[in-house]
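K.L.:
Note that the sequence shown covers residues 1 to 143 in UniProt numbering.
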Amino acid sequence: GIAASFAVKLFKAWMAEKDANSVTSALRKANLDKRLLELFPANRQNVDHFAKYFTEAGLKELSDFLRVQQSLGTRKELQKELQERLSQECPIKEVVLYVKEEMKRNELPEPAVIGLLWTCVMNAVEWNKKEELVAEQALKHLK
1 GIAASFAVKL FKAWMAEKDA NSVTSALRKA NLDKRLLELF PANRQNVDHF
51 AKYFTEAGLK ELSDFLRVQQ SLGTRKELQK ELQERLSQEC PIKEVVLYVK
101 EEMKRNELPE PAVIGLLWTC VMNAVEWNKK EELVAEQALK HLK
């Protein structure tokens with residue numbers, strides 16, 4: 001639509017004067033990074049359409065930026081859900097199944113999910129202040 005066409009011209013002019021990093025940081029500061037999809041009509045507000053449109057317009061940096069932002073948002077949501085499930089002491093098999101489904105559905109890379117899972121598990125435990133007791137405590141929790 002008109003908004004997307006205008007945005008392409010605006011971002012091209014902006015990137016001609018500055019670099020892609022200045023554009024993306026300005027979008028973040030103005031909290032517009034999460035609203036880029038709103039440049040399109042409701043039936044076309046998806047990452048694939050945005051990426052195709054802006055890549056064809058010569059703004060691949062912007063489409064890559066949106067994909068990264070979407071991935072970060074998805075990871076934060078996954079982390080929040082994992083922390084909630086761990087605090088409710090859901091069965092491990094159920095948590096594993098949920099994580100695998102989310103990985104497939106959102107095309108999340110395994111290394112990123114492993115790191116996220118590790119962080120959630122470590123945050124779910126109240127660690128002892130005395131360093132010499134942490135190793136014993138970790139072994140107790142892993143069993």
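Even glycine gets a Cβ: it sits at the ideal position worked out from N, Cα and C.
Taking the C-alpha atoms as reference points, what is the distance between residue 23 and residue 48?
P.N.:
In the sequence shown, counting from the first residue as 1, residue 23 sits at position 23. In the sequence shown, counting from the first residue as 1, residue 48 sits at position 48. Those two C-alpha atoms are separated by around 21 Å.
K.L.:
Report back the beta-carbon spacing between residue 74 and residue 108 to the nearest angstrom; my notes put them in contact at under 8 Å.
P.N.:
The residue you call residue 74 lines up with position 74 of the sequence shown. The residue you call residue 108 lines up with position 108 of the sequence shown. With 8 Å as the limit, residue 74 and residue 108 qualify as a contact, their Cβ atoms being about 7 Å apart.
K.L.:
Using 8 Å as the cut-off, can you tell me whether the region 88-95 makes contact with the region 40-57, which would need three or more C-beta pairs spanning the two stretches below that distance?
P.N.:
Because the criterion of three Cβ pairs below 8 Å is not met, the region 88-95 and the region 40-57 do not touch.
K.L.:
Take every Cβ of the region 114-127, pair it with every Cβ of the region 80-88, and state whether three or more of those distances are shorter than 8 Å.
P.N.:
Result yes; three or more Cβ-Cβ pairs closer than 8 Å.
K.L.:
When the Cα atoms are used, what is the spatial distance from residue 128 to residue 70?
P.N.:
To locate residue 128, count along the sequence shown from 1; it is residue 128. To locate residue 70, count along the sequence shown from 1; it is residue 70. When rounded, the distance between both Cα atoms is 36 Å.
K.L.:
Rounded to a whole number of angstroms, what is the C-alpha to C-alpha distance between residue 28 and residue 1?
P.N.:
Taking the sequence shown and counting its residues from 1, the one referred to as residue 28 is at position 28. Taking the sequence shown and counting its residues from 1, the one referred to as residue 1 is at position 1. About 23 Å.
K.L.:
Report the option in 21, 77, 112, 87 whose CA atom is closest to the CA atom of residue 61.
P.N.:
Sequence index remark: in the sequence shown, residue 61 carries index 61 (1-based). For the residues 21, 77, 112, 87, the minimum Cα distance to residue 61 belongs to 21.
K.L.:
Do you know how far the Cα of residue 98 is from the Cα of residue 110?
P.N.:
Reading the sequence shown from its first residue, position 110 is the one you call residue 110. Reading the sequence shown from its first residue, position 98 is the one you call residue 98. Their Cα atoms are separated by approximately 14 Å.
K.L.:
For residue 63, count neighbouring Cβ atoms within 10 angstroms of its own Cβ and tell me buried if that reaches 16, exposed if not.
P.N.:
Here residue 63 corresponds to residue number 63 of the sequence shown, with the count starting at 1. The residue is buried, with at least 16 neighbouring Cβ atoms inside 10 Å.
K.L.:
Taking only runs of the beta strand (DSSP E) that begin and end inside the UniProt domain "5MP1/2-like HEAT" (1-74), which ones reach a length of at least 3 residues, in chain order?
P.N.:
Fully enclosed beta strand (DSSP E) runs of 3 or longer: not present.
K.L.:
Grab me the residues of residue 59's own chain with a C-beta within less than 6 Å of its C-beta, minus the 5 sequence neighbours each way, in chain order.
P.N.:
Within the sequence shown, the letter at position 59 stands for residue 59. Hits under 6 Å: 11.
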